[in-house]
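Protein chains in written order, with my numbering: chain A, 1 to 171; chain B, 1001 to 1171.
Down below is the structure, laid out as structure tokens.
There are 2 protein chains.
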Amino acid sequence: MHSLDRVDLQLLRALCVEPRSTFVALAQRLGLSRNTVQARMARLEESNAFLAFDRRINPIALGHPLTAFIQVHLQQKRLSQIVAELNQIPEIVQAHGMSGSTDLLVLVVCTDADDLFRIDGTILACEGVDRTETSLAMGELIPYRITPLLDRVTRERGPANRADVDIDDEA
Amino acid sequence: MHSLDRVDLQLLRALCVEPRSTFVALAQRLGLSRNTVQARMARLEESNAFLAFDRRINPIALGHPLTAFIQVHLQQKRLSQIVAELNQIPEIVQAHGMSGSTDLLVLVVCTDADDLFRIDGTILACEGVDRTETSLAMGELIPYRITPLLDRVTRERGPANRADVDIDDEA
DNA sequence: CGTAACACTAATCACTTTGCCCTATTCTGC
DNA sequence: GCAGAATAGGGCAAAGTGATTAGTGTTACG
Chain A
1 MHSLDRVDLQ LLRALCVEPR STFVALAQRL GLSRNTVQAR MARLEESNAF
51 LAFDRRINPI ALGHPLTAFI QVHLQQKRLS QIVAELNQIP EIVQAHGMSG
101 STDLLVLVVC TDADDLFRID GTILACEGVD RTETSLAMGE LIPYRITPLL
151 DRVTRERGPA NRADVDIDDE A
Chain B
1001 MHSLDRVDLQ LLRALCVEPR STFVALAQRL GLSRNTVQAR MARLEESNAF
1051 LAFDRRINPI ALGHPLTAFI QVHLQQKRLS QIVAELNQIP EIVQAHGMSG
1101 STDLLVLVVC TDADDLFRID GTILACEGVD RTETSLAMGE LIPYRITPLL
1151 DRVTRERGPA NRADVDIDDE A
């Protein structure tokens, strides 16, 4: 419904640096009027530029320091029903349908190895799940980040002010 | 340095529901005084309960609608140098060191298939990288979420009010 | 060339929120 | 029961918000 221009990108950048910035502070930092910032922020939210706040919560704080990726192989015709079942497992924080040999890539967090074992068992117990392959994340070698990409996009966009992609079609 | 109690969890929950809540609003919703909410929020931030704001930015808004997981097999002794190189690639938004056959699981976002191909090439070009296996994410069947886990933890914690895990040791 | 649409600035206003202070009152673990 | 922490409640000045208005480019279109 709307595309991002250079100023939008700078706004996002500033938010990464200082998430609790007020509109006033953002306006000062970018040399804009508060009005403009306020309007643009509204537009950004409107156009789904922001994902759920859930992503900002640290699972470690919830007592779930272990992260694992579980590759699930399943009978494809039962996919939707299986996803519905997985939806009931709170330790599953995300799941992607995948191309290639693995049908589903599931991201789980857990308290310890036993917990992981239990969760894996729960997944396996779902009707239609053939097998799973669990890989434990040993460390987040590159912590989640978007600023480098933000910078590249900004640079590419250069002095121009129109993005070329519509973003209202949710991932 | 500090552990989460029941009220902290409820606060996090409320933030997921309404990320732009003011302290006043949170206090009302939870039936606490604003002072308390403010103090607890400060403590939560202090104790790394929140991850970087980067996570809330939608890559689709940045013109990168495609997500892929790339499994990287490499010479382990060169791991740190390789990670340093991968760090230079903006399209890599996250990377985990893994147990099992895959050494590294890299999360990339890209504009289109060609872009993905190019990025994969860049990764392969790194000294010490043996081979990669790319899987395209076809859809986020379970969108990233933490609230179900939040609820479970809250329930388990029950009327008690102390968490049992320290969270100051960053993931 | 005119004009309509749009984004931006600047300035106002009433209102809310913040940050910080204080004190009295529960809790809590020891 | 006591020490220390957490909380409620209050207060206050400063800051931020939301909403509106008016004036100024800029751009796109016929």
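For glycine and all other residues, C-beta sits at the position ideal for the given N, C-alpha and C.
Mapping the DSSP letters down to three states, classify Ser1003 of chain B as helix, strand or coil.
Ser1003 of chain B: coil per DSSP, three-state reduction.
Applying the 10 Å Cβ sphere with the 16-neighbour rule, what's the burial state of Ala1061 of chain B?
The residue in question, Ala1061 of chain B, is buried, as its Cβ has 16 or more Cβ neighbours within 10 Å.
Note down, in chain order, each residue of its chain lying with its Cβ closer than 6 Å to the Cβ of His1096 of chain B, except the 5 sequence neighbours on either side.
So the list reads Leu1105, once near-sequence residues are dropped.
Pick from B:Glu1018, B:Gln1071, B:Leu1051, B:Leu1026: whose alpha carbon is nearest that of Arg1040 of chain B?
Ranking B:Glu1018, B:Gln1071, B:Leu1051, B:Leu1026 by Cα distance to Arg1040 of chain B puts B:Leu1026 first.
Kindly list, in the order they appear in chain A, the residues whose Cβ is closer than 8 Å to that of Asp1054 of chain B.
The contacting residues are Cys16, Tyr144, Arg145, Ile146, Thr147.
Using beta-carbon positions only, say whether Leu12 of chain A and Leu44 of chain A come within less than 9 Å of one another.
Yes, these two residues count as a Cβ contact at 9 Å.
Taking contact to mean 3 or more Cβ pairs, one atom from each stretch, closer than 8 Å, check whether the segment 99-118 of chain A and the segment 62-69 of chain A are in contact.
Enough Cβ pairs lie closer than 8 Å, so yes.
Rounded to the nearest angstrom, how far is the Cβ of Met1098 of chain B from that of Met98 of chain A, given a contact under 8 Å?
Not confirmed; about 16 Å, so no contact.
Determine, for Glu1046 of chain B, whether the minimum Cβ-Cβ distance to residues of chain A falls below 9 Å.
So, not an interface residue.
Looking at the secondary structure, which residues open and close the beta strand (DSSP E) in which Asp1112 of chain B lies?
Careful: Asp1112 of chain B lies outside any beta strand (DSSP E) and carries neither H nor E.
Determine the direct distance from the alpha carbon of Arg145 of chain A to that of Val1083 of chain B, and round the result to whole angstroms.
The alpha-carbon atoms of Val1083 of chain B and Arg145 of chain A are separated by roughly 14 Å.
Does Phe117 of chain A have its Cβ less than 9 Å from a Cβ in chain B?
Chain B, which has no Cβ nearer than 9 Å to the Cβ of Phe117 of chain A, makes this no.
Helix or strand or just coil, what does DSSP make of Gln1075 of chain B?
Gln1075 of chain B falls in the coil class under three-state DSSP.
Quick check for students: name the residue ranges of the alpha helix (DSSP H) that lie wholly in the segment 86-142 of chain A, counting only runs of 4 or more.
If we require 4 residues or more, the alpha helix (DSSP H) runs fully inside the segment 86-142 of chain A come out as 113-124.
Please state if the CB of Leu1015 of chain B and the CB of Phe53 of chain A are separated by a distance shorter than 9 Å.
Yes, the Cβ-Cβ distance between Phe53 of chain A and Leu1015 of chain B is below 9 Å.
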